[in-house]
Amino acid sequence: MSFSKLQYITDSPALAHEACVAGVKWVQARIKNKAAGETKIIAQEILSVCRKFNSVCIINDHLEIALEINADGVHLGKEDTEIREAKKIIGQRDFILGGTANTVEDVRSLALSNVKYIGLGPFRFTSTKEKLSPVLGIEGYKKILSEIIPANIYFPPIYAIGGILPADVEAILGTGIYGVAVSGVISNAANKKEIVEEFNLRMNAQKINT
Numbered sequence: 002m003s004f005s006k007l008q009y010i011t012d013s014p015a016l017a018h019e020a021c022v023a024g025v026k027w028v029q030a031r032i033k034n035k036a037a038g039e040t041k042i043i044a045q046e047i048l049s050v051c052r053k054f055n056s057v058c059i060i061n062d063h064l065e066i067a068l069e070i071n072a073d074g075v076h077l078g079k080e081d082t083e084i085r086e087a088k089k090i091i092g093q094r095d096f097i098l099g100g101t102a103n104t105v106e107d108v109r110s111l112a113l114s115n116v117k118y119i120g121l122g123p124f125r126f127t128s129t130k131e132k133l134s135p136v137l138g139i140e141g142y143k144k145i146l147s148e149i150i151p152a153n154i155y156f157p158p159i160y161a162i163g164g165i166l167p168a169d170v171e172a173i174l175g176t177g178i179y180g181v182a183v184s185g186v187i188s189n190a191a192n193k194k195e196i197v198e199e200f201n202l203r204m205n206a207q208k209i210n211t
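Position in the sequence shown counted from 1, then plus 1, gives you this note's numbering.
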């Protein structure tokens, strides 16, 4: 599977629909502070939207729900189900497992656990994330990528996350990062198609220039 360079994070089926209409091909359902039953309903609604548009649907945190509704995968944070335990539960299923990192040690650990992708951040302060880890910025990404790229182990696609704007794309991808995961910049956009297209154009231009 070829992973989209743009991930969109939301807890709203309506916003997921608008984003997919705008061209988003990867949606992460991050549903916080809801009862399990309500979480499952919202996750299923977002999955239904993604299926309609042939977009990937990843469920944040809730591994059991992701498996129950046959989502494409799950993203686990640093305080969620341990990656190794999750892999035992997933077994041989064709299922995307992603993890969160904030340090080079986190990235190495996730890579050795054979996750399919890594979310590395935050790039800058963001109000959409609770319990924010230390902000990395461009210099943080440069430092981490410079330490892992020479390593003799496989690293999955790494996504920058946290308050990212289209104008940040060139500098971020220039560090060796694969793509970006965003939320508010698309959710709050009056013209979502324009924002999605700008992200994609900038990422494609960076690919051509590297």
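Here a beta-carbon is modelled for each residue, glycine too, at the ideal position from N, C-alpha and C.
Worksheet item: Which residue's Cα is closest to the Cα of lysine 89: Val22, Asn115 and Ala191?
Response: The option with the nearest alpha carbon to lysine 89 is Asn115.
Discussion item. Suppose you measure from the CA of asparagine 61 to the CA of serine 49; what does that come to, to the nearest Å?
Written reply: Cα-Cα distance, rounded: 16 Å.
Fill in: At least three beta-carbon pairs within less than 8 Å, the region 7 to 23 to the region 188 to 203
Taking 8 Å as the limit for Cβ pairs, the verdict is that the region 188 to 203 does touch the region 7 to 23.
Worksheet entry | Option in Ser110, Ser147 and Ile47 with minimal Cα separation from alanine 67 | Of all alpha-carbon atoms in Ser110, Ser147 and Ile47, the one lying nearest the alpha-carbon of alanine 67 is that of Ile47.
Worksheet item: Span of the beta strand (DSSP E) holding alanine 67?
Response: For alanine 67, there is no enclosing beta strand (DSSP E); the residue is part of the alpha helix (DSSP H) that begins and ends at 64 to 69.
Worksheet item: Of the residues Cys51, Glu86 and Leu77, which one's Cα is nearest the Cα of asparagine 71?
Response: Cys51
Item to complete: Give the C-beta separation of glycine 99 and isoleucine 59 to the nearest angstrom, bearing in mind that I take them to be a contact with Cβ-Cβ under 8 Å.
Response: 7 Å
Fill in: Backbone secondary structure at valine 197 - three-state DSSP
helix
Item to complete: Take valine 25 as the anchor and find which of Ile42, Ser3, Gln45 and Val57 has the nearest alpha-carbon.
Response: Val57
Fill in: DSSP-derived helix/strand/coil call for tyrosine 118
strand
Fill in: Pairwise C-alpha distance: tyrosine 142 and alanine 190
27 Å
Practice prompt. May I ask which residues mark the beginning and end of the alpha helix (DSSP H) holding tyrosine 9?
Written response: From DSSP, tyrosine 9 is part of no alpha helix (DSSP H) but of the beta strand (DSSP E) over 7 to 11.
Item to complete: Take valine 108 as the anchor and find which of Glu171, Glu65, Ile84 and His18 has the nearest alpha-carbon.
Response: Of the listed residues, the one whose Cα sits closest to valine 108 is Ile84.
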